[in-house]
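The sequence shown maps to residues 1 to 247 in the UniProt record's numbering. Think of the CB as a built atom: it goes at the ideal place given N, C-alpha and C, for glycine as much as any other residue.
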Amino acid sequence: INRKITGTHTKPLENRVTDALREIKAAYYKGEFKKVKHDPKQAWKTVNKILNRKHESREINCLETQRGQILHPTELAECFNNYFTNIGPDIAKNIDNGDRNFKDYITTTTSSFNFQTVSESNIYRLLLSLNPRKSTGIDKIPAKIIRIAAPVITNSLTKIFNMSIISATVPFEWKIARVTPTFKNGPRNLLNNYRPISILPVVSKLFEKVSYEQLHEYLVTQELLSPRQFGFRKFHSTPSALTDSTT
1 INRKITGTHT
11 KPLENRVTDA
21 LREIKAAYYK
31 GEFKKVKHDP
41 KQAWKTVNKI
51 LNRKHESREI
61 NCLETQRGQI
71 LHPTELAECF
81 NNYFTNIGPD
91 IAKNIDNGDR
101 NFKDYITTTT
111 SSFNFQTVSE
121 SNIYRLLLSL
131 NPRKSTGIDK
141 IPAKIIRIAA
151 PVITNSLTKI
161 FNMSIISATV
171 PFEWKIARVT
181 PTFKNGPRNL
191 LNNYRPISIL
201 PVVSKLFEKV
211 SYEQLHEYLV
221 TQELLSPRQF
231 GFRKFHSTPS
241 ALTDSTT
């Protein structure tokens with residue numbers, strides 16, 4: 001067989017197959033990105049899959065501290081707990097308080113705000129809006145289960161939320177978060193190269209949503225939010241801030 005002739009005849013076919021494979025892959029990943037366009041976490045998983053990135057082990061086995069090397073799991077947990085608990089106050093000590101009072105930047109109003117009890121329909125709506133993939137808190141009750149159980153638990157949950165609002169107290173269990181040390185960069189055995197991610201129970205986050213909706217409505221109706229505040233507001237973003245500063 002004349003290899004030169006055979007190669008000449010098969011080259012166009014090889015090119016066509018290669019082009020077809022590229023088109024199929026592009027169409028596949030386009031579809032995958034379309035599925036997760038509203039889920040950044042899943043979108044990044046897809047990106048890592050395309051780039052063949054391997055997940056590094058997240059297990060923390062050793063830390064170097066002023067007391068020396070920490071290896072025992074319990075001591076590692078205590079070490080992180082102390083660091084994350086004190087890092088905020090330690091940073092605050094080095095921040096200048098400034099010459100102006102924070103009240104100088106806030107619009108005043110004569111009206112007062114009070115939390116109101118909520119209806120079952122409102123709680124049911126919030127339950128159905130739960131993201132089933134939301135991380136689970138220390139109670140290990142998944143958002144997916146809470147969402148599925150909405151028709152059964154709405155009445156009881158509404159009563160508990162309203163009792164909390166009326167008594168102005170939040171159950172202690174709702175305040176306990178599952179804290180995960182997340183590596184940033186640099187050497188993995190140094191405490192200051194980690195940041196905490198705190199996950200509260202799903203029910204706690206749901207109650208937070210109830211409180212947020214009422215407080216946010218009050219701030220908007222009373223026009224207490226600065227027109228130049230673009231962060232953490234609906235229909236506001238970085239482009240909004242850039243547009244405002246250049247017009």
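Let me know if Ser198 comes out buried or exposed under the rule of 16 or more other beta-carbons within 10 Å of its beta-carbon.
On the sequence shown, position 198 is the one that residue 198 refers to. That one is exposed.
Could you give the uninterrupted runs of the alpha helix (DSSP H) lying entirely in the stretch 112-164, keeping only those of 4 residues or more?
120-128, 143-148
Name the one or two DSSP bridge partners that Pro196 has.
Residue numbering aside, residue 196 sits at position 196 when the sequence shown is read from its first letter. DSSP output for Pro196 lists Pro181 as bridge partner(s).
Which one or two residues does DSSP pair with Gly68 in a beta bridge?
Here residue 68 refers to the residue found at position 68 of the sequence shown. Gly68 pairs with Thr65.
Check this for me: beta carbons of Tyr83 and Leu191, under 9 Å apart or not?
What you label residue 83 is simply residue 83 of the sequence shown in a count that begins at 1. What you label residue 191 is simply residue 191 of the sequence shown in a count that begins at 1. Yes, Cβ-Cβ distance for Tyr83 and Leu191 is below 9 Å.
Could you round the C-beta distance between Tyr127 and Lys209 to whole angstroms and report it? I think they count as a contact, below 8 Å.
Reading the sequence shown from its first residue, position 127 is the one you call residue 127. Reading the sequence shown from its first residue, position 209 is the one you call residue 209. Rather than Tyr, the amino acid found at residue 127 in this sequence is Leu. Leu127 to Lys209, Cβ: 10 Å. No contact.
Assigned secondary structure, Ala168 (DSSP; H/G/I helix, E/B strand, else coil):
Along the sequence shown, read from residue 1 onward, the residue named residue 168 stands at position 168. Residue state, collapsed to three classes: coil.
Per-residue burial, Tyr194 [other beta carbons within 10 Å of its own, 16 or more giving buried]
The count along the sequence shown starts at 1 and reaches residue 194 at position 194. Classification of Tyr194: buried, given that the 10 Å Cβ count is 16 or more.
Reduced DSSP category for Ile1 - H, G, I as helix; E, B as strand; rest coil:
In the sequence shown, counting from the first residue as 1, residue 1 sits at position 1. Note that Ile1 scores a pLDDT of 46, beneath 50, so its modelled location is shaky; the value from the coordinates is reported in the next line. Looking at Ile1 - three-state DSSP - the assignment turns out to be coil, as it is neither helix nor strand.
Extent of the continuous alpha helix (DSSP H) to which Asn239 belongs:
In the sequence shown, the residue the question calls residue 239 occupies position 239. The question names Asn, yet the displayed sequence has Pro at residue 239. Per DSSP, Pro239 belongs to the alpha helix (DSSP H) from 238-245.
Are the CB atoms of Ile160 and Val202 nearer to each other than 9 Å?
Walking along the sequence shown from the start, residue 160 turns up at place 160. Walking along the sequence shown from the start, residue 202 turns up at place 202. In this structure, Val202 does not lie closer than 9 Å to Ile160 by Cβ.
For residue 269, the first and last residue of its enclosing alpha helix (DSSP H)
The chain is shown only over 1 to 247; residue 269 falls outside these bounds and no answer can be derived.
Report the three-state DSSP secondary structure of Pro187 (helix, strand or coil).
As a first step, residue 187 is located in the sequence shown; it is residue number 187 there, counting from the start. Residue state, collapsed to three classes: coil.
Alpha carbon of Asn2 to alpha carbon of Lys34, nearest angstrom
As a working note, residue 2 is residue 2 in the sequence shown. As a working note, residue 34 is residue 34 in the sequence shown. Low confidence applies to Asn2: its pLDDT is 48, below 50, so where it sits in the model is not reliable, and the reading given next is rough at best. Approximately 48 Å, taken between the alpha carbons.
Roughly how many angstroms separate the alpha carbons of Phe80 and Leu21, rounded to a whole number?
By 1-based counting over the sequence shown, the position of residue 80 is 80. By 1-based counting over the sequence shown, the position of residue 21 is 21. Distance between the alpha carbons of Phe80 and Leu21: 49 Å.
Let's test the definition: count the other Cβ atoms within 10 Å of the Cβ of Ile50 and tell me whether it reaches 16, buried, or not, exposed.
Taking the first residue of the sequence shown as position 1, residue 50 is located at position 50. Exposed: under 16 other Cβ atoms inside 10 Å.
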